[in-house]
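**Student:** The listed protein sequences correspond, in order, to chains A and B. For the first sequence, our numbering assigns the number 2 to the initial residue and increments by one for each residue that follows. For the second sequence, our numbering assigns the number 750 to the initial residue and increments by one for each residue that follows. The beta-carbon is built from N, C-alpha and C at its ideal position, and this holds for glycine as well. As the structure is a computational prediction, the values presented were derived from the model and not from experiment. Before anything else, here's the structure in question.
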Amino acid sequence: MIVFDDVSLSFGRHELFKNISLNLRGGKVIGVTGANGAGKSTFLKLAGKIIRPDSGEVKLINDENNCALRIAHYALQFAAVAPEMKIYDNLTAQENLFFFAKLRGKTLSAEKISELGERVGLDLKTFGNVRAENFSTGMRQRLKFAILLSVDADIWLLDEPTANLDDDGREKFFREIQAAKPDKIILLATNDRAEENICDEIIKLPL
Amino acid sequence: MKLSNSRFEQIAAIVRKDFVIGLRRRATFAAMMMFALTAVASLSLSTGGIFVEAKFLAALLWVVIFFAASAGISGTFDDEAQAGTLPTLKLYADAQAILFGKMIYVLLSLVALTIFILPIFLILFDVAVENFFLLLATILLGLIGIAAAGTLTAALTTSATVKGGLFPILLFPITLPIFLPAISLTELSFTGGAFDSSSLVVMVAFDLILVTAASILYDYL
C-alpha cells in the first residue's frame, strides 16, 4: 500500500498539492486524471519517490507486517512507462532488456526475451539486435513495456502508456494490465478515454 | 556503505553498460585522449632541449591527468540527463549502485587514459623512472581519488546551467589534498630518492574519505 501522509508540493508560487492524505491499495488499476498541468505525472513521481514533497511523507507500507519499507527497498519495487523515462538509444533492444532486468537481479533467457516480444508485439527475433535509436516511437514504447514486464515489479507507474501505440499495441497493453493487477499496485496517469475505462478507481486532480 | 550481492550485480551491469555506450559513442574517450595528447605534445615541444626538474615534470603529469579527466568525467551523469535515461536508471537501480557503478567506470576510463598517455609522457620528456612500482601505486591512488571526487562532482553539477566551467572549479579544491602528495611521490619515483611512506598513507586515507563521503552525500542529491 502506498500512503500519502499530509503531502504538499509547490512549484514556485503555484501550489500543486496541499495536505493530501490517501492510501493507494493493490489489486486494482488506479487512474489519475485531470487537466493538463493538474499534476498527474508529478503525482506518480511523488508515489515513486522520484521527487520529494515539500512537506508530509509518502510511504510504502508492507501489507503483511504493516511496516514502512526502507528507501533502498522502496526504489526497487517500482517499474514505469512514462514519456520522460527514456531507454538507452545506443543499446540494442536486447541489451536494454538485459540491462534493466539485471538491475533487478534477473537474467533473461532467449526464450524469455522471445516471449516478452510476443506479449508486447515487438518482433525481438528481427529487431532484438537493432539499436533503439533506429526504433520508431511506438516500437520504443513497446520496448519500455517489455522492460516493465521483464522486471516483475510490485508497483507500476504508467504515465499515458499507450499514447504512441497503435490499436494492436493498446490491446496488448490493456490485456497485460488486467492480467497483472491482482498482484500489483497500478497507477495510471491519463487523459485518454480508453485508458480511463480500464481503471477500477479514478483520482481526479483539480487544476 | 553496505554493498550486498545484488548491489554488486547492479554495479557490474552499470559499468558494463557505460563501457558499451562509451565505446560506441567514442566522444568522451576521444576528448580525454586528445586533450592529454595535445597537452603533452605542446608542453614537450615548448620545453624541447631545456632541462626540466623532476618536480616540475611530476606536476605537469598530474595537471595533464586532471584536466583530461575533467573533460571526460564531467559528462558521467550529464550525458544520461541529456539523453533522458537518468530518471529511468534512478527508478530501476539502487542509488549506491549507480554511484559506485559510475565511479568504477570513471576509474577504469582514467586507467585507460593513463596507460595511453604515461608512456608518451615519459618518452617525450625523456624521463627515466627509478621506482616504477612507486609511480604505479601513486598514479592508481591518485586516480581513485579523482574518480571518487569527480563522480560526486559530476552528479552535483548535472542540473547546473554552466556545468562545463563549474565542474573543474568544484573538483580542484576537493582533489588538491590528493595532488600534493601525488606530485611529491611521482617526483620521488622519477629521481629514486628515499621516500617517506607518510605521503602514501595520506593518499590512501584521503581516497577512503572521498569514497565514503561520496557514498554518504549521494543519497541526498
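Considering Asp153 (chain A), what are the terminal residues of the beta strand (DSSP E) in which it resides?
**Tutor:** One-based indexing of the first sequence puts residue 153 (chain A) at position 152. No beta strand (DSSP E) holds Asp153 (chain A); DSSP gives it neither H nor E.
**Student:** Anything in chain B within Cβ reach of Met86 (chain A), meaning under 7 Å, just list it in chain order.
**Tutor:** Taking the first sequence and counting its residues from 1, one reaches residue 86 (chain A) at position 85. Ordered by position in chain B, the residues that pass the 7 Å Cβ test against Met86 (chain A) are Pro836, Thr837 and Leu840.
**Student:** Should Val30 (chain A) be flagged as near chain B, meaning a C-beta pair shorter than 9 Å?
**Tutor:** Counting from 1 along the first sequence, the entry for residue 30 (chain A) is found at position 29. No, Val30 (chain A) does not count as interfacial toward chain B.
**Student:** Answer with yes or no whether the minimum CB distance from Ala81 (chain A) to chain C is below 9 Å.
**Tutor:** In the structure shown, chain C cannot be found, because the protein chains are A and B.
**Student:** In the segment 103-131 of chain A, which residues sit with their C-beta less than 8 Å from some C-beta in chain B, listed in chain order?
**Tutor:** Under the 8 Å Cβ criterion, the segment 103-131 of chain A contributes Lys103, Leu104, Arg105 and Gly106.
**Student:** Identify whether Phe939 (chain B) lies in helix, strand or coil by the three-state DSSP scheme.
**Tutor:** As a first step, residue 939 (chain B) must be located in the second sequence, where it is residue number 190. In the structure shown, Phe939 (chain B) sits in a helix (DSSP, three-state: H, G or I).
**Student:** At the 9 Å Cβ level, is Gly891 (chain B) part of the contact set with chain A, yes or no?
**Tutor:** Residue mapping note: residue 891 (chain B) aligns to position 142 of the second sequence, counting from 1. Answer no: the Cβ-Cβ gap between Gly891 (chain B) and chain A never drops below 9 Å.
**Student:** From the DSSP output, read off the bridge partner residues of Leu23 (chain A).
**Tutor:** By one-based count along the first sequence, residue 23 (chain A) stands at place 22. For Leu23 (chain A), which the question treats as bridged, DSSP gives the partners A:Phe5.
**Student:** With distances taken Cα to Cα, identify the nearest neighbour of Leu23 (chain A) among A:Arg143, A:Asn37, A:Asp153 and A:Gly57.
**Tutor:** Here the question's residue 23 (chain A) lines up with position 22 in the first sequence. Leu23 (chain A) has its Cα closest to that of A:Gly57, out of A:Arg143, A:Asn37, A:Asp153 and A:Gly57.
**Student:** Between the segment 31-63 of chain A and chain B, which residues of the former have CB atoms less than 7 Å from a CB of the latter, in chain order?
**Tutor:** Answer in chain order: Gly49 and Ile51.
**Student:** Determine the chain A residues that contact Ser755 (chain B) at a beta-carbon separation under 7 Å, and present them in chain order.
**Tutor:** For this step, residue 755 (chain B) is matched to residue 6 along the second sequence. Correct list: Gly106.
**Student:** Strictly below 7 Å CB to CB, what residues from chain B border Asp90 (chain A)?
**Tutor:** Indexing the first sequence from 1 puts residue 90 (chain A) at position 89. Within 7 Å Cβ-Cβ: Ala832.
**Student:** Thinking C-beta only, is Ala785 (chain B) closer than 9 Å to Ser817 (chain B)?
**Tutor:** Translated into positions along the second sequence, residue 817 (chain B) becomes position 68. Translated into positions along the second sequence, residue 785 (chain B) becomes position 36. According to the sequence displayed, residue 817 (chain B) carries Ala and not Ser. Yes, Cβ-Cβ distance for Ala817 (chain B) and Ala785 (chain B) is below 9 Å.
**Student:** Listed from N- to C-terminal order along the chain, which residues in the segment 758-776 of chain B have their beta-carbon within a distance smaller than 7 Å of any beta-carbon of chain A?
**Tutor:** Those would be Glu758, Gln759, Ala762, Lys766, Val769, Ile770, Arg773 and Arg774, in chain order.
**Student:** Here's a check: name, in chain order, each residue in its chain whose Cβ is nearer than 8 Å to the Cβ of Gly821 (chain B), leaving out the five neighbours to either side.
**Tutor:** In the second sequence, counting from the first residue as 1, residue 821 (chain B) sits at position 72. Only Thr777, Phe778, Ala780, Met781, Val855, Ser858, Leu859 and Leu862 meet the Cβ criterion.
**Student:** Pick helix, strand or coil for Asp56 (chain A), following the three-state DSSP scheme.
**Tutor:** As a working note, residue 56 (chain A) is residue 55 in the first sequence. First, the amino acid is wrong: residue 56 (chain A) is Ser here, not Asp. Looking at Ser56 (chain A) - three-state DSSP - the assignment turns out to be strand.
**Student:** Cutting at 7 Å between CB atoms, please list the residues of its own chain near Gly824 (chain B), excluding the five before and the five after it.
**Tutor:** Here residue 824 (chain B) refers to the residue found at position 75 of the second sequence. Hits under 7 Å: Thr777.
**Student:** Kindly indicate which three-state DSSP category Gly122 (chain A) falls into: helix, strand or coil?
**Tutor:** Counted from its first residue, the first sequence places residue 122 (chain A) at position 121. The answer is coil: DSSP assigns Gly122 (chain A) none of H, G, I, E or B.
**Student:** Between Arg756 (chain B) and the rest of its own chain, which residues show a CB-CB distance below 7 Å, the 5 nearest in sequence each way excluded?
**Tutor:** Sequence index remark: in the second sequence, residue 756 (chain B) carries index 7 (1-based). The answer, listed in chain order, is Asp843, Gln845 and Ala846.
**Student:** Could you have a look at Asn130 (chain A) and say whether DSSP puts it in helix, strand or coil?
**Tutor:** Counting from 1 along the first sequence, the entry for residue 130 (chain A) is found at position 129. Correct three-state label for Asn130 (chain A): coil.
**Student:** Taking C-alpha atoms, which residue in B:Leu838, B:Leu957 and B:Leu949 lies nearest to Phe882 (chain B)?
**Tutor:** As a position in the second sequence, residue 882 (chain B) is number 133, starting the count at 1. The residue with the shortest Cα to Cα distance from Phe882 (chain B) is B:Leu949.
**Student:** Can the beta-carbon of Phe18 (chain A) be found less than 9 Å from the beta-carbon of Leu47 (chain A)?
**Tutor:** As a first step, residue 18 (chain A) is located in the first sequence; it is residue number 17 there, counting from the start. As a first step, residue 47 (chain A) is located in the first sequence; it is residue number 46 there, counting from the start. Contact: yes.
**Student:** Is the CB of Ala904 (chain B) under 9 Å away from at least one CB in chain A?
**Tutor:** Your numbering for residue 904 (chain B) matches position 155 in the second sequence. Not one chain A Cβ lies under 9 Å of Ala904 (chain B).
**Student:** If the cut is a Cβ gap below 7 Å, which residues of chain B does Phe100 (chain A) touch?
**Tutor:** As a position in the first sequence, residue 100 (chain A) is number 99, starting the count at 1. In chain order: Ala762 and Lys766.
**Student:** Can you tell me whether Asp155 (chain A) is buried or exposed? The criterion is at least 16 other CB atoms within 10 Å of its CB, across all chains shown.
**Tutor:** One-based indexing of the first sequence puts residue 155 (chain A) at position 154. So Asp155 (chain A) counts as exposed.
**Student:** Helix, strand or coil: which one does DSSP assign to Ile88 (chain A)?
**Tutor:** Sequence index remark: in the first sequence, residue 88 (chain A) carries index 87 (1-based). Coil.
**Student:** May I ask you to list the residues that DSSP assigns as paired with Lys221 (chain A)?
**Tutor:** Past the boundaries of the shown model lies residue 221 (chain A); chain A is included only from 2 to 208, so the question cannot be answered.
**Student:** Within this structure, are the beta carbons of Gly139 (chain A) and Gln95 (chain A) separated by less than 9 Å?
**Tutor:** Position 138 of the first sequence, counted from the first residue, corresponds to residue 139 (chain A). Position 94 of the first sequence, counted from the first residue, corresponds to residue 95 (chain A). Against a cut-off of 9 Å, the Cβ pair of Gln95 (chain A) and Gly139 (chain A) comes out as no contact.
**Student:** Taking only the alpha-carbon atoms, compute the straight-line gap between Gly914 (chain B) and Met852 (chain B) and give it to the nearest angstrom.
**Tutor:** For the purposes of this step, residue 914 (chain B) is identified with residue 165 of the second sequence, where counting begins at 1. For the purposes of this step, residue 852 (chain B) is identified with residue 103 of the second sequence, where counting begins at 1. Roughly 21 Å between the two C-alpha positions.
**Student:** For Glu161 (chain A), return the contacting residues in chain B, with the cut-off set at a CB-CB distance below 8 Å.
**Tutor:** Here residue 161 (chain A) corresponds to residue number 160 of the first sequence, with the count starting at 1. What Glu161 (chain A) touches in chain B: nothing, since even the nearest Cβ is about 15 Å away.
**Student:** Ends of the alpha helix (DSSP H) at Lys173 (chain A)?
**Tutor:** Taking the first sequence and counting its residues from 1, one reaches residue 173 (chain A) at position 172. That run of the alpha helix (DSSP H) goes Asp168 to Ala181.
**Student:** Which residues in the same chain as Ile21 (chain A) place their Cβ atom closer than 7 Å to its Cβ, once the five residues preceding and following it in sequence are excluded?
**Tutor:** For the purposes of this step, residue 21 (chain A) is identified with residue 20 of the first sequence, where counting begins at 1. Cβ within range, chain order: Phe5 and Val8.
**Student:** Could you tell me whether the segment 102-110 of chain A touches the segment 181-198 of chain A, using the rule of 3 or more Cβ pairs below 8 Å?
**Tutor:** Verdict: no, contact absent.
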